[in-house]
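Written out below as structure tokens is the structure these notes cover.
In the working numbering, the protein residues as written are 12 to 172.
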């Protein structure tokens, strides 16, 4: 036991000596390296090409944003996070809202839930894109930039420029 204590004391003394020799900027650099923030999460980015607004979207219990009704040009889009999104599957919960005209026509709030297989995530992909397609079918994927990734898909639904 004393040999182990002696080794620990020697290593501790060596680290202390090195730390005291370092200039102030070196200590700051050492601390920022040792105590760095590691978010490790991803932003949930929600888009929609549905003619109804979306009140909320939850991805594995993490709240995403809401979107306006698709107007033929803009797909809305909101982001929230960073969250840790992991697992083999992803559970998406969302609620369809209504515009004033839709409310007068008698439409009601609709809650939906679906479980999908988790798409493959590559290094640097920190955006979890959720595109709500007609017939309440969400399309999900990982991307470095959800705007770039989703825009070409939204183009097929655009009715005006």
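C-beta atoms are modelled at their ideal positions from N, C-alpha and C, and glycine is treated no differently. Predicted model, so just to flag it, every value in this text is computed and none were measured.
Practice task
Sort 31, 74, 131 and 53 by Cα distance to residue 103 and report the nearest one.
Solution key: 74
Exercise for the section: Determine the direct distance from the alpha carbon of residue 69 to that of residue 120, and round the result to whole angstroms. Expected result: 16 Å
Exercise for the section: Could you tell me which residues DSSP pairs with residue 106 in its beta bridges? Expected result: 67 and 122
Exercise for the section: To the nearest angstrom, report how far apart residue 53 and residue 38 are at their CA atoms. Expected result: 31 Å
Practice task
Could you please give me the residues that DSSP links to residue 59 through a beta bridge?
Solution key: 143
Exercise for the section: List the endpoints of the continuous alpha helix (DSSP H) containing residue 38. Expected result: 35–45
Practice task
Look up residue 245 in the DSSP assignment and say whether it is helix, strand or coil.
Solution key: Since the first and last residues shown for the chain are 12 and 172, residue 245 lies out of range.
Practice task
Mind checking who residue 95 pairs with in its DSSP beta bridge?
Solution key: DSSP output for residue 95 lists no bridge partner at all.
Handout entry: Span separating the alpha-carbon of residue 40 from that of residue 29
Key = About 14 Å.
Problem - Segment contact flag, the region 86–98 with the region 55–67, C-beta cutoff 8 Å, min 3 pairs - result: yes
Problem - Extent of the continuous beta strand (DSSP E) run through residue 154 - result: Secondary structure note for residue 154: its beta strand (DSSP E) is the uninterrupted segment 148–154.
Handout entry: C-alpha gap between residue 164 and residue 140, whole angstroms
Key = One C-alpha to the other measures close to 12 Å.
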